[in-house]
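One structure is given below, encoded as structure tokens.
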Amino acid sequence: MGRIRKADETISREVDSGIAELVPDPDVPRAWMLRLNGTPQSHVDLDDPTHLEFEYLRRLGHVADLVAPGSDPIRVLHLGGGALTLPRYIATTRPRSTQQVVEIDAALIDLVRGVLPLDRNWRLRIRNGDARAVMAKAPEAAFDLVVTDVFAGARTPAHLTSVEFVALASRTLRPDGVYAANIGDGGKLAFAKAQAATVRAVFPHVCVLAEPGVFRGRRFGNFVIVASHAELPVAALTRLTAGDPFPGRVEHDDSLIRFIGGAPPTTDETATQSPSPPKGTWGLPDE
1 MGRIRKADET ISREVDSGIA ELVPDPDVPR AWMLRLNGTP QSHVDLDDPT HLEFEYLRRL
61 GHVADLVAPG SDPIRVLHLG GGALTLPRYI ATTRPRSTQQ VVEIDAALID LVRGVLPLDR
121 NWRLRIRNGD ARAVMAKAPE AAFDLVVTDV FAGARTPAHL TSVEFVALAS RTLRPDGVYA
181 ANIGDGGKLA FAKAQAATVR AVFPHVCVLA EPGVFRGRRF GNFVIVASHA ELPVAALTRL
241 TAGDPFPGRV EHDDSLIRFI GGAPPTTDET ATQSPSPPKG TWGLPDE
């Protein structure tokens with residue numbers, strides 16, 4: 001059972017990366033939103049782990065749904081933990097799946113474990129450490145799905161944006177395994193275009209999911225990049241993404257090449273962290 005709390009009680013703790021807040025959902029009795037230094041990171045419904053409130057997590061959920069037939073168990077490596085929303089979803093929708101989560105913030109792990117407990121029957125292991133360093137030591141061809149969802153505050157760290165990093169992820173995947181990354185960008189979309197080019201430098205099959213307005217740079221938002229050495233289920237991803245509460249679009253093949261527009265892949269030498277979201281984005285304060 002989750003922690004008993006008052007309806008309006010926010011839990012605030014100092015963690016390794018700043019201030020973490022667990023904010024109760026006013027509409028759902030045992031649901032919480034995790035904010036880290038003011039940036040919304042995760043939403044968890046303890047009574048229904050299959051509920052994915054954040055749109056980008058719905059997109060990642062679609063990817064997880066299509067990695068293997070039906071409810072077959074899969075092996076997953078999650079880089080970035082937050083409140084463990086996606087691992088909870090996979091553990092519920094694909095029982096007996098084996099999942100490893102890498103989270104650099106040990107104090108955040110302790111907070112989430114204490115307030116938002118995990119089912120002891122889930123095969124879910126959480127490891128404290130840097131995402132790239134841990135992945136570099138992971139066995140080859142071990143995972144069906146690798147998910148990168150790492151933010152330092154509201155920005156993706158530079159060392160997780162290069163061809164060298166994506167190649168490490170590729171090494172850990174089975175031949176038909178899938179790599180998925182969540183990033184944020186807006187405006188001229190230089191970062192998103194470079195990241196799509198970076199993933200295409202490693203994987204032959206790539207698609208990018210986002211809302212149409214985000215693709216056009218009209219507002220800052222999430223891009224989910226999906227890649228594999230095998231054919232991707234683009235038609236199914238397109239159908240599911242179009243049916244989301246905030247419908248998205250899937251760019252692939254020629255349309256993805258047009259989106260990239262000649263942007264070069266990012267290397268360790270040229271890597272920079274993702275752009276900072278404008279104030280008022282993702283729940284960030286306007287002041």
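Residue numbers 1 to 287, in the UniProt record's numbering, belong to the letters of the sequence shown in order.
Yeah, the Cβ is synthetic: ideal placement off N, Cα and C, and Gly gets one too.
Candidates D16, V101, V150: closest to L124 by CA position = As a first step, residue 124 must be located in the sequence shown, where it is residue number 124. L124 has its Cα closest to that of V101, out of D16, V101, V150.
Answer yes or no: do S228 and V150 have a C-beta to C-beta separation smaller than 8 Å?
-> Taking the sequence shown and counting its residues from 1, one reaches residue 228 at position 228. Taking the sequence shown and counting its residues from 1, one reaches residue 150 at position 150. Their beta carbons are not under 8 Å apart, which means S228 does not touch V150 by this criterion.
Inter-residue spacing [alpha-carbon to alpha-carbon] between R258 and L240 = Taking the sequence shown and counting its residues from 1, the one referred to as residue 258 is at position 258. Taking the sequence shown and counting its residues from 1, the one referred to as residue 240 is at position 240. So the two alpha carbons sit approximately 23 Å from each other.
Run the CB neighbour count on S71, radius 10 Å, all protein chains shown included, and call it buried at 16 or more, exposed below.
-> Translated into positions along the sequence shown, residue 71 becomes position 71. Classification for S71: exposed.
So, are the CB atoms of S97 and I74 less than 8 Å apart?
-> Working through the sequence shown from its first residue, we reach residue 97 at position 97. Working through the sequence shown from its first residue, we reach residue 74 at position 74. Yes, they are a contact pair.
Through-space distance from T93 to F223, alpha-carbon basis | Stepping through the sequence shown from its first residue, residue 223 is reached at position 223. Stepping through the sequence shown from its first residue, residue 93 is reached at position 93. Their Cα atoms are separated by approximately 24 Å.
Could you round the C-beta distance between C207 and L256 to whole angstroms and report it? I think they count as a contact, below 8 Å.
-> As a first step, residue 207 is located in the sequence shown; it is residue number 207 there, counting from the start. As a first step, residue 256 is located in the sequence shown; it is residue number 256 there, counting from the start. At roughly 7 Å, the Cβ-Cβ gap stays under 8 Å, so C207 and L256 are in contact.
In terms of residue numbering, what span does the alpha helix (DSSP H) encompassing Q195 cover?
-> Counting from one through the sequence shown, the residue named residue 195 turns up at place 195. Per DSSP, Q195 belongs to the alpha helix (DSSP H) from 190–200.
Between A201, P87, A142, which lies nearest to G262 when the distance is taken from Cα to Cα?
-> Counting from 1 along the sequence shown, the entry for residue 262 is found at position 262. Among A201, P87, A142, the Cα nearest to that of G262 is on A201.
Distance, E269 Cα to V63 Cα | For the purposes of this step, residue 63 is taken as residue 63 along the sequence shown, with counting starting at 1. For the purposes of this step, residue 269 is taken as residue 269 along the sequence shown, with counting starting at 1. Roughly 31 Å separates the two Cα atoms.
Residues near E231 in its chain [Cβ-Cβ closer than 8 Å; skip 5 each side] | Indexing the sequence shown from 1 puts residue 231 at position 231. Cβ within range, chain order: H205.
Can at least three beta-carbon pairs, one atom from the segment 100–116 and one from the segment 10–26, be found at a separation below 8 Å?
-> yes
D268 - DSSP class collapsed to helix/strand/coil = Here the question's residue 268 lines up with position 268 in the sequence shown. Here D268 sits in coil by DSSP.
Out of I11, P49, T238, state which residue places its alpha-carbon closest to the alpha-carbon of P95.
-> As a working mapping, residue 95 is identified with position 95 in the sequence shown. Minimum Cα distance to P95 is reached at P49.
Using DSSP bridges, identify the partner residues of D185.
-> Reading the sequence shown from its first residue, position 185 is the one you call residue 185. DSSP output for D185 lists G221 as bridge partner(s).
Can you name, in chain order, every residue of its own chain whose Cβ lies under 7 Å from the Cβ of P233, other than the five neighbours on each side?
-> Sequence index remark: in the sequence shown, residue 233 carries index 233 (1-based). Closer than 7 Å at Cβ, skipping near neighbours: L66.
Taking just the CA atoms, how far does P175 sit from R155?
-> Taking the first residue of the sequence shown as 1, we reach residue 155 at position 155. Taking the first residue of the sequence shown as 1, we reach residue 175 at position 175. So the alpha carbons of these two residues sit roughly 30 Å apart.
To the nearest angstrom, how far is it from the Cα of L52 to the Cα of A31?
-> Your numbering for residue 52 matches position 52 in the sequence shown. Your numbering for residue 31 matches position 31 in the sequence shown. Each residue's Cα considered, the two are about 11 Å apart.
Distance, Q273 Cα to N182 Cα = Here residue 182 is taken as the residue at index 182 of the sequence shown, counted from 1. Here residue 273 is taken as the residue at index 273 of the sequence shown, counted from 1. Distance between the alpha carbons of N182 and Q273: 13 Å.
Cβ-based neighbour list, V23, same chain, cut-off 7 Å, excluding 5 preceding and 5 following | In the sequence shown, the residue the question calls residue 23 occupies position 23. So the list reads T10, W32, M33, R35, once near-sequence residues are dropped.
Verify whether the separation of the beta carbon atoms of A141 and L173 is less than 8 Å.
-> The residue you call residue 141 lines up with position 141 of the sequence shown. The residue you call residue 173 lines up with position 173 of the sequence shown. Yes. Within cutoff.
Thinking C-beta only, is T266 closer than 8 Å to Q195?
-> In the sequence shown, the residue the question calls residue 195 occupies position 195. In the sequence shown, the residue the question calls residue 266 occupies position 266. Cβ distance < 8 Å, so Q195 and T266 count as in contact.
For M33: DSSP bridge partner residues | For the purposes of this step, residue 33 is identified with residue 33 of the sequence shown, where counting begins at 1. Partner(s): V23, H43.
According to DSSP, residues forming a beta bridge with E103 | Working through the sequence shown from its first residue, we reach residue 103 at position 103. According to DSSP, which records beta bridges pairwise, E103 is partnered with N128.
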